[in-house]
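So the structure is just underneath, and the comments pick up after that.
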Amino acid sequence: MKGRVIAFLGPSESGKTTLIEKILSLFNGKLKNQKKEPTYSLKTYGITIENIPFYFIDTPGDENFIGEILWAITISDLGVLVVDSTAPLKYHTYRIFELAKKNFLPLVIFVNKIEAEKTQWAQTICDLQDMLEILQVPVIYGFNTNQPLFLVDLVTKQVIKEKGSKLEFEPYPPQIEGKIQTLYEQLVEVSAEAKDEFIEKYLETGRLTQDEILDGIKANLENMRMCPVFIGSAETGLGVPYFVKRILDFYPKRDFQTLDLNSYAYLFKTLYDPYAGKLSFARIFKGSLKSERIIRTSQGKEEKYTQIFIPRGDSLEAVKEVGEGEIVVFAKVEALKTGDTISEEPLSSGLPVPEMPKPMYTLALHPETRADEDKISGAILKLQEEDPSLIIYRHEETRELLISGLGNMHIEKTLEKLREKYGVKVRTSLPTVPYRETIKKPVQAVIYRHKKQTGGRGQFAEVHFNIFPLERGKGFEFIETLTGMNVPRNYVPAVEKGVREALEKGILAGFPVVDIKVQFF
Ligand SMILES: Nc1nc2c(ncn2[C@@H]2O[C@H](COP(=O)(O)OP(=O)(O)OP(=O)(O)O)[C@@H](O)[C@H]2O)c(=O)[nH]1
Ligand SMILES: [Mg+2]
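Each residue of the sequence shown is one higher than the one before, counting from 6 in our numbering.
Given below as structure tokens:
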């Protein structure tokens, strides 16, 4: 695939957004508004480097938004796990790593903020090795013998000099020979193990060429045997051009599930833009897509569209055609939904959809005014389209509108969006608990008399029941043990129906009655 997609993952404040923006500014990407704020939703950036279209997916670091990460993991070739070297490792780093591993997403690690006074980057590298169950091998290392920190490329064993996005190399000072040799040997050994031919050569000669080392890293990445470890500073750009160079050198090919179509894409993000309206982001896994066609979805829908766009810098650019591996953006195509596989050809099935994490936290929503009430249903549909890890529904019994998310912050940010983007104000409360009623002791020979005068002869019936408590969770059971001919048997279903209706409202407080057995005799 020509287009390449990289997901930037890692806990809050590790510097994912800063790193993406630094790469863009170093490699002539267009940045319209650089905002220093936490990321709460996937954002896609586009840039061409060495004639290759790259797309970077920025992800939220907060655990409340882990649902978003799953979509990025599903469609990216490579993940960059960004960690902060000025603070102890966060447990969330481990969770993100495990998600990537489970989904077979090749990963590199970027140990960030190495220019900061508080950095402990060497310790961070060791801590990562303890925390993440995968072989981790530095490809770059830092030294500050009698001078400011300088970086050494372990593939070529040379000091790195970065000028803008360009790189120059110099010999290293002799006093660091020992450490460099140890790190270099480790890198060569692990690279050699990636391929039989490399192992043979390494055992015979004790050496590999630069290209062989890079090739070995690529193979190790592809079968997830190891993570290459980078260090750098997203803020100052130190180590960033080197990082980009090596990513180009050993960019892995990820195995994606394929479909029997000439051209298809996978829709991983829906966004409602205040100006452009509904935007649908998809990665093209095969073939290409052109403007002004008909798109079909794995949900059996189809719709005409006119323009298509690609992410360029931090905004969108209209184009006529988008190629394989790239990211295409549709505007105002109502039929499209996150998780759809889409194609110009009819499709009977789609690529698998990631399972969203279970919501843990629920609140009831109460629109503040009549106008808010009128607007809320439309807004809710959009919120859910934008964030599939969110569940909003009306409770069947309490009739309350409930919102369920991964945590307090997830719901808070969603309500902020509801207010600011969709202009709907709501009050929240804890959800009303739907209580249940039941009985503790059996009751024998209950008599119910049914009388209905509808003119003419009217209806009269007397039914006899025994009622027993059942174990918790057993629900409701109805049996008849009629004997003789006192009750025509074709009345039994009507009696059961009547009992079921009576269960809907208990006599204690009007809550549904459960866990009882009724014997009609
Ligand atoms: N000193 C230093 N600060 C950095 C560096 N990279 C990022 N920061 C700072 O760290 C903070 C968080 O950076 P972001 O790029 O927003 O972090 P993020 O990983 O995108 O955070 P979320 O979007 O919340 O997950 C900001 O104040 C940055 O200025 C770095 O290399 N050095
Ligand atoms: Mg961010």
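Think of the CB as a built atom: it goes at the ideal place given N, C-alpha and C, for glycine as much as any other residue.
(1) So which of Gly51, Ala384, Lys430, Ser196 has the shortest CA-CA distance to Arg212?
(2) With Lys250 as the anchor, note down where its alpha helix (DSSP H) starts and where it stops.
(3) Check whether the Cβ atoms of Ala105 and Ile62 lie closer than 8 Å to each other.
(4) Taking the DSSP output, what are the residues bridged to Ile347?
(5) Would you check whether ligand 2 has a heavy atom nearer than 7 Å to the C-beta of Thr49?
(6) When DSSP builds the beta bridges, which residues end up paired with Tyr207?
(7) Ligand 2: which residues have Cβ under 7 Å from any of its heavy atoms, chain order?
(8) Leaving out five residues on either side along the sequence, give the residues of the same chain with a beta carbon under 8 Å from the beta carbon of Glu308.
(9) Going by C-alpha to C-alpha distance, which of Ser353, Leu159, Ile521 sits closest to Ile553?
(10) For Glu175, which beta-bridge partners are listed by DSSP?
(11) Do you know how far the Cα of Leu137 is from the Cα of Lys95?
(12) Pick helix, strand or coil for Gly20, following the three-state DSSP scheme.
(13) Kindly indicate the opening and closing residues of the alpha helix (DSSP H) around Gln191.
(14) For Ser320, tell me which candidate among Phe32, Tyr50, Glu26 has the shortest Cα-Cα distance.
(15) Hey, Val144 and Leu192: beta-carbon distance below 8 Å or not?
(16) Could you please give me the residues that DSSP links to Ser434 through a beta bridge?
(17) Return the bridge partner residues of Lys123 from the DSSP annotation.
(18) Run through DSSP, which three-state label would Leu137 get?
(19) Following a CB-centred definition, is Ala239 positioned closer than 7 Å to any heavy atom of ligand 1?
(20) Under a Cβ-count criterion, where at least 16 other Cβ atoms within 10 Å of its own Cβ denotes burial, should Val523 be classed as buried or exposed?
(21) Quick check on DSSP: helix, strand or coil for Thr129?
(22) In angstroms, rounded to a whole number, what distance separates the CA positions of Lys48 and Leu172?
Quick look at the numbers:
(1) Looking up residue 212 in the sequence shown gives position 207. Ranking Gly51, Ala384, Lys430, Ser196 by Cα distance to Arg212 puts Ser196 first.
(2) Residue 250 sits at position 245 when you count from the first residue of the sequence shown. Unbroken alpha helix (DSSP H) run through Lys250: 245-254.
(3) Indexing the sequence shown from 1 puts residue 105 at position 100. Indexing the sequence shown from 1 puts residue 62 at position 57. Contact flag unset, no.
(4) Position 342 of the sequence shown, counted from the first residue, corresponds to residue 347. Ile347 pairs with Ala270, Thr302.
(5) Within the sequence shown, numbered from 1, the residue matching residue 49 stands at position 44. Not so, every heavy atom of ligand 2 lies at least 7 Å from the Cβ.
(6) In the sequence shown, counting from the first residue as 1, residue 207 sits at position 202. Tyr207 pairs with nothing; no bridge assigned.
(7) Lys21, Thr22, Pro43, Thr44, Asp63, Pro65, Gly66
(8) In the sequence shown, counting from the first residue as 1, residue 308 sits at position 303. Result list for Glu308: Ile299, Ile300, Val338, Glu339, Ala340, Leu341, in chain order.
(9) Coverage of the chain is limited to positions 6 through 526, which leaves residue 553 absent and any answer about it impossible.
(10) One-based indexing of the sequence shown puts residue 175 at position 170. DSSP output for Glu175 lists Val164 as bridge partner(s).
(11) As a position in the sequence shown, residue 95 is number 90, starting the count at 1. As a position in the sequence shown, residue 137 is number 132, starting the count at 1. Rounded to the nearest angstrom, the two C-alpha atoms are 12 Å apart.
(12) Within the sequence shown, residue 20 is the residue found at index 15, counting from 1. Residue state, collapsed to three classes: coil.
(13) On the sequence shown, residue 191 is found 186 positions in, with the first residue counted as 1. For Gln191, the enclosing alpha helix (DSSP H) starts and ends at 182-197.
(14) For this step, residue 320 is matched to residue 315 along the sequence shown. Ranking Phe32, Tyr50, Glu26 by Cα distance to Ser320 puts Tyr50 first.
(15) Along the sequence shown, one-based indexing puts residue 144 at 139. Along the sequence shown, one-based indexing puts residue 192 at 187. Yes, these two residues count as a Cβ contact at 8 Å.
(16) For the purposes of this step, residue 434 is taken as the residue at position 429 of the sequence shown. Beta-bridge partners of Ser434 (DSSP): Ala369.
(17) Counting from 1 along the sequence shown, the entry for residue 123 is found at position 118. Partner(s): none; Lys123 has no beta bridge.
(18) By 1-based counting over the sequence shown, the position of residue 137 is 132. DSSP places Leu137 in coil when its eight states are reduced to three.
(19) The residue labelled residue 239 in the question sits at position 234 within the sequence shown. Yes; taking the cut-off as 7 Å, the Cβ of Ala239 has a heavy atom of ligand 1 nearer than that.
(20) In the sequence shown, counting from the first residue as 1, residue 523 sits at position 518. Classification of Val523: buried, given that the 10 Å Cβ count is 16 or more.
(21) Looking up residue 129 in the sequence shown gives position 124. In the three-state reduction of the DSSP assignment, Thr129 falls in the helix class, which pools H, G and I.
(22) On the sequence shown, position 43 is the one that residue 48 refers to. On the sequence shown, position 167 is the one that residue 172 refers to. Between Lys48 and Leu172, the C-alpha separation is close to 29 Å.
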